[in-house]
Amino acid sequence: MDKHLEFGHSCEVCKPLRPANPSLFGLGPMLGRRDFFRIAGTGVTGFFVVPMLSENTLAARTTDYSAQLKSTARNCIFIHLQGAASHVDTFDFKPGSWTPADFAPETINGILFPKGLMPNTAQQLDKIAIVRSMRAPALVHSLQQVWSQISRNPSAALGKIAPNIGAVAALEFEAQRQSHHRLPGFVTLNGGNVVSSGYFNARYSPFAVTAAANGLSNLNNPDGQTTFETRYQMLKDIDGDLRTTSLLGEDVSDMEGFYQQSRAMMYNPEVDAVFRFTSEDQQRYGNSGFGNSCIVARNLVKSDLGTRFIQINIGGWDNHQAIFTPGQGIYRPIAQFDPGFANLLKDLSEQPGTKGGSAR
Amino acid sequence: MPKNEGIDEFHKKAGSSPFVKRFVAVIFITATILIPAELSGWGTGTIRAIVDAQQRGGRVRVAQAPPDTAIASDCNFLQDPARFLDSQARHRRGISRLTESFNGAIERRAMKLIPAQDIPRKNLIDNILFDKMASDGIQSAPLTSDAEFLRRVTLDLTGQIPSPEAVNSFLSDTNPYKREVLVDKLIASPEFVDRWSLFFGDLLNINSFATNINLYIGGRESYYQYVRQSIATNKSYAQIATELITANGSNYTNGAVNYIVNGNVPMGPAQDTMDGLAVQTSRVFLGLGSMDCLLCHDGAGHLDAINLWGASIKRSDAWGMSAFFARTRRAFQRASNDVNYGIYTVTENATGEYQLNTNSGNRQTRAPINGKSFVDPKYLFGGGLNQGENRRQALARQITSDPQFARAIVNYLWEEMMVEALVSPSDSFDLNRLSGEQELPEGWAPQPANPQLLDALTAEMTTNGFNLRHIIGLIAKSNAYQLSTQYPGEWSIAYVPYYARKFVRRLDAEEIHDAIIRATGMPPVTTFRNAGSTTNQTILGYPVMGDDGVKLREILWAGQMPEPREPRQNGTSRLFLDSFLRGNRDGNLRTSDSSILQSLNLMNNTFVNSRIHNSNRITNIPNTPEIPSTVRRLLSDASLTNDQLITQLYLQTLSRYPSDAEKAKILPYYSRMSRQAATESLQWVLLNKVDFIFNY
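These protein sequences, in sequence, are chains A and B. So for the first sequence, our numbering puts the first residue at 194; every next one is plus one. So for the second sequence, our numbering puts the first residue at 2; every next one is plus one.
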C-alpha cells in the first residue's frame, strides 16, 4: 500500500494536500471526527472493493465526536403523509357544519378528536403528544416533501446535495454501532418520494424495503440457501487472493466490504425475523402496504439491530376534491393509516425500557 | 472557534498551514447558508402577477415579515475552513484508493512501468502529458491490453459492453491502427447518441417532474429529442448553447425552450427565477458554480478560502448576469381543464428590468444601489447588448465567444472519459488560478491538474468549431486514455494529476442494467396497458408513456431512457436501477457510490435471478420466437466442451477470455455437480464478480 495513502502520513510530496499541524486536525492513532469524514465519509469512493472499516474498528477509533447529541430519544420513525393530510380533519380537528356525522368527535385526554374517523388511534392518544406549531413553507407538493426531509429550502444553494435527515441521523449514530448491528442506520418503507443521502457516503443512503409477510426479498436467494452458498463459495474461489491492506495499514485476510456485510444479513435468523410477520399481525395492522411497513418498523426498533431512523411513506392525502365522499377522499388513506399507526403505537408502548415504550 | 472572527485573525491564531487556506470547493459547504425563513405563500399565478406588477414598475407589496439576511457567521466554513476538506484532494485519494484496491481484487498479468519518454505519442494530449511525466521523472503505467481497451472504450463511448463477436474480431485484427478505427466506429454508432444524450440529460437536468417546475412528459420528450438530434447531427456546441439560451416559443415544438422553463425558481419573486437561469447558465456553460453563492452576497468575506476569483466578485456583478433574463416571460396553458399538464410558451419582451425591490423569496433583500433601482445586463467578462440583438442573444454571443465556455465543456468531457477532471470539481472553476505561470498568494496552487493541457484542449475545441465528437475522439485515441489501470510500481497520490495510469470507475446504473441484458441474452419484458384500454400489451423493452397515459414509443435499453424516473411501467427494473444511485436529476444527484443494497440486488434480485438459468427464456412476446438465456443457449450446444462453455460465458459477460488460472478454479465445479448447475452458478458468479460492474 502506497505510503502516501496511509493514515497519519505526511511528507514533502503530499504536503500541499494534507494539513501540516496534526494537533489541529486530530491526526494520530485515534480517528477524530474530521478524519472520520475524510476516510469513511468521502462521497466519491466506490466502497465496493475498498476494504471497508468494520463497524468495530470504526466505533473503537472514533473518539473526538464533537456532535453533542442532546435528545434522549433513541430512534425516530418518520411517517410521511404525502399529499398532505388535512390537519383540521384529523390531528388539529376543527369541526363545522361540513363535518360528516361519522367523524363522531369526542374529547379524549383533553383533545377534540374525530373518533369515528380514526377509532384505533383514538384509543392510543395517551401515548402521543401532538405538536401543532409546525408550518410548511412551500405550497408546492414535491418542493415541500423534499423540504421536510432535508430540513432546508431545496431551491437554495446546494439544496440539491443536502442529505435526508435520516441519513444525518444514521451518520451521527455511527459511533454507537456495535458488532451485532447488522442493519443499515436509515431504512425507508413503502416507496414514495424519498430524498437520498446527498453528499454523504452511500452507506447512509436510505435502505429501501418493501414490506412483505415472507420477509425481505433481497435477503434470500430465490434458488435457495444451499445453491446460494455454493455460488458464493465459487465467487470467493475465483476472485482469488483478495488480500489488500486496509486503509489503516492493517492486514485483512478477508475482504471487508459490502459483499461481506450483505452476506452477513442473509440467512440470519435475527435479521430475517425483523422482516417477517404473522398473518394475525398483518390483519391487525390493517392488511395494507402501510400497515405492513409499520410492523417492520416496530420490528426494526424492537430488534435493535442498528436501524435508528425509519421513514414510512403513505400517499393519497391530496384530497382537494370529494374529501368527505364515503369510500373515497380522506377515508381511503385513513383506512390504511388508522389501524397501522394505532397498532404501531400500541406495540411500541408494550416494549419496555430503551427499546420503545412509555416514559412512565 | 469564536464567531465572527475575521479570516485573517483565524489564520494567525490557528497558525494554519497553507493547507487551511487552500480552496475548498463550494460543493462541500454544508447546510448553514441561511435562507430567508419567512417565505410567502405564493403560487405560480401570483408569480405571474408579480412579474406583471414589476413590468409596470410597481413595487411588489408583500404582507410578510422580512427575511433573515444572511450574515457571515451563517457560512460556517468561513469560520472553520478546516472542517471542509479539500474536495479535489479527497477525490484524488478516493480514485487512487479505489483503483489500487480494484487491482488488488482481480487477477492481473505481470507488467512493467514504462519510462514516459518511451510511450508513443498519438496526439497533443500525449505530447503534453508524457512530456510532463518525463521531465518530472514519473514513470507511466504500460498500455492496456486490446481486450481491456475494447471493453473500456465501448463502455465510455456507447454505454454498452462489447459482444463476443466484437471481442474476437478486434483481437484478431492485425491493422496497426485498429484502435483508432474502433474509436471512429463507436462514435458513428447509434449507441453513441444514446450514451451522450444521457450525459447531457444529466448536465441539463432533463426531468418531467421536479421540485422547481414540471415540464411534464410532453416537455421532457421534446427536450430529450432536441438533445438527441443535436448529438446525432454533431451540432456545434456553440450552436447548442445559443439555441438553448435564446429559445422562444412552445416547449413542445421547440425542445430548446425547456432550458428556459427549467430555470424556474418557485416560491419567490421573478428575480429569483432570473437568478436561477443565471446560475444554470453559469454552471452548465461556464463551470462557475460560485454564481449561486454570489447571487446572495459578495464573494469577499465568503469565498476567500475557497475561490480567489469568486472572492473578488460582487453581488451586483452577478446581478448583471441575471439581468440578461429580465425580459424573459413564461406562460402556461393546460392541455384541457381536467389535466395538469400542458404547454409552456416562452417569449422575450421588449421591456423589463432586473428590479432591486424584493424583500422575500429565496434570496436576500434586493435594494437599490446608489439610488439606481435596477441593474443593467452586463456579462461578467464583457459588456451588454449590441445593435439588433435582444438580451438573451447578447448573452449567448458573449458566452460562446468566451474561452471559459470551451474550457468548461472540455473539462466536463475529460472528466467523463478520464474519471479525474482537469479542474475538479468540474463546476467550480477558480478563474484566477487557471494558469501555471501566474503569481499566486501563499498557500494557493494552480487549479488545473495540467494547465497546459487544459489550454491546449480549449484551443482545440475553439478552433474546430466546438465539435464535441472531435474532442471525445481525441481523448479516446490518445495513449494517455489507453494506459492500464494497473500501476506495477509504487503508486503515489501525487501522480494523479500526471494521469500516469488510467483510473477505474464503477459503471453507471444504466450501464449495469444493459450489461446484464447483454451478458444473459434476455432483454427486459414489460406488460402494460394504455389509458382507456382494457387489454394488456407485452413488449420487449420498455414503453415510454405520454402524459395522457398512452404509449409514445418503445425503448430496449436503459441507456435510452430519457430520464431516471423511467421505466415507469416496470417496477422491478426501476427499483433495480435506482439501487445503483442514478439519482433523479433533482434532489438526488447521480453518484457512483456502492451500497449493501447493490450487492444484495446483484446476488438475489429477480432482475438478475430470472436470467441465469437453463429454464429462463422469453416466450410471451407475440410474433416473436423464443429468446433463450445465454446459459440455455450454451447448454443446448452439446458440442461445447466444459472449457469452451466457460470461455463463452466469460466472453459474453466480461468481454474477455478467462485465464488458465481462472479455468483451473472453475473446472472442478463441473465434476462436482451437473453441467447445468455449474453453468448457472458460473453465470451468477460472473455477474457478481467485481470486474463486471467496473470499467477498468
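We put the beta carbon where it would ideally sit given N, CA and C, even for glycine.
| Check | Outcome |
| --- | --- |
| Contact under 7 Å by Cβ, K503/B with L475/B | no |
| CB-CB length for R334/A against A277/A, believed under 8 Å | Before going further, note that residue 334/A is His rather than Arg in the sequence given. With a Cβ gap of about 7 Å, H334/A and A277/A count as contacting. |
| Proximal residues to S574/B (C-beta, below 6 Å), its chain only, five neighbours per side dropped | P525, P568 |
| Chain-ordered neighbours of L336/A on chain B, where CB pairs are closer than 8 Å | T212, N213, P267, M268 |
| Residue-chain proximity (E449/A, chain B), Cβ-Cβ < 7 Å | Note on E449/A: pLDDT 41, under 50, position unreliable in the model; the coordinate value appears next. No, E449/A lies away from the interface with chain B (no Cβ there is under 7 Å from its Cβ). |
| Cβ of Q454/A within 7 Å of any chain B Cβ | yes |
| For N407/A, the residue or residues it bridges with in DSSP | R469/A |
| Alpha helix (DSSP H) segment containing P191/B, residue limits | 191–205 |
| Chain A residues whose Cβ lies nearer than 9 Å to that of I314/B | What I314/B touches in chain A: nothing, since even the nearest Cβ is about 15 Å away. |
| Straight-line Cα distance separating T486/B from L151/B | 14 Å |
| Rounded Cβ spacing between V258/B and V347/B (contact assumed at less than 8 Å) | 5 Å |
| Neighbouring residues, chain B, relative to F483/A (Cβ below 9 Å) | Result: empty, since nearest Cβ-Cβ is about 17 Å, beyond 9 Å. |
| Rounded Cβ spacing between N451/B and L423/B (contact assumed at less than 8 Å) | 6 Å |
| Check whether I139/B and Y499/B have beta carbons under 7 Å apart | yes |
| Coarse secondary structure for P121/B, derived from DSSP in three states | coil |
| Selection of the segment 285–310 of chain B by Cβ proximity to chain A, strictly under 8 Å | D293, C294, C297 |
| Chain A residues whose Cβ lies nearer than 7 Å to that of Y600/B | Correcting the residue type first, residue 600/B is Ser in the shown sequence and not Tyr. Near S600/B (Cβ distances below 7 Å), the residues of chain A are F451, Y452, S455. |
| Pair within 7 Å by beta-carbon distance, K209/B and L199/B | According to the sequence as given, residue 209/B is Ser; it is not Lys. No, Cβ-Cβ distance for S209/B and L199/B is not below 7 Å. |
| Whole-number beta carbon distance between L309/B and N465/B, since they are thought to touch under 8 Å | Between L309/B and N465/B the Cβ distance is about 31 Å, and since that is not below 8 Å, they are no contact. |
| Per-residue DSSP class, three states only, for R180/B | helix |
| Short CB-CB distance (under 7 Å) between L40/B and chain A | Summary for L40/B: the model assigns pLDDT 28, below 50, so the residue's position carries little reliability; its value from the coordinates is reported in the next sentence. Interface residue, yes. |
| Which of helix, strand or coil DSSP assigns to Y524/A | helix |
| For D273/B and V280/B, believed in contact at Cβ under 8 Å, the rounded distance | Actually they are not in contact, since the Cβ atoms of V280/B and D273/B sit about 10 Å apart, beyond 8 Å. |
| Cβ of I597/B within 7 Å of any chain A Cβ | yes |
| Touch test, the segment 373–384 of chain A against the segment 397–407 of chain A, Cβ-Cβ under 8 Å, three pairs minimum | yes |
| Spatial distance of T521/B from F325/B (CA atoms) | 52 Å |
| Strand pairing of G250/B, partner residues [DSSP] | V347/B |
| 6 Å Cβ shell around I126/B - same chain, five flanking residues per side excluded | S479, A481 |
| Short CB-CB distance (under 7 Å) between D75/B and chain A | Its pLDDT being 39, under 50, D75/B is placed unreliably by the model, and the measurement read from it follows with that caveat. Chain A contact via Cβ: absent. |
| 6 Å CB neighbourhood of C487/A in its chain, flanking five on each side removed | Y478, G533, L537 |
| Nearest-angstrom Cα separation, counted from Y342/B out to A528/A | 30 Å |
| Enclosing alpha helix (DSSP H) for F483/A [first to last residue] | 482–496 |
| Beta-bridge pairing of A401/A - partner residues as DSSP gives them | T381/A |
| Residues bridged to R456/A [DSSP beta-bridge criterion] | DSSP output for R456/A lists no bridge partner at all. |
| CB contact below 7 Å: W685/B versus chain E | No chain E is part of this structure, whose protein chains are labelled A and B. |
| Any 3 or more C-beta pairs closer than 8 Å across the segment 462–472 of chain A and the segment 513–522 of chain A | no |
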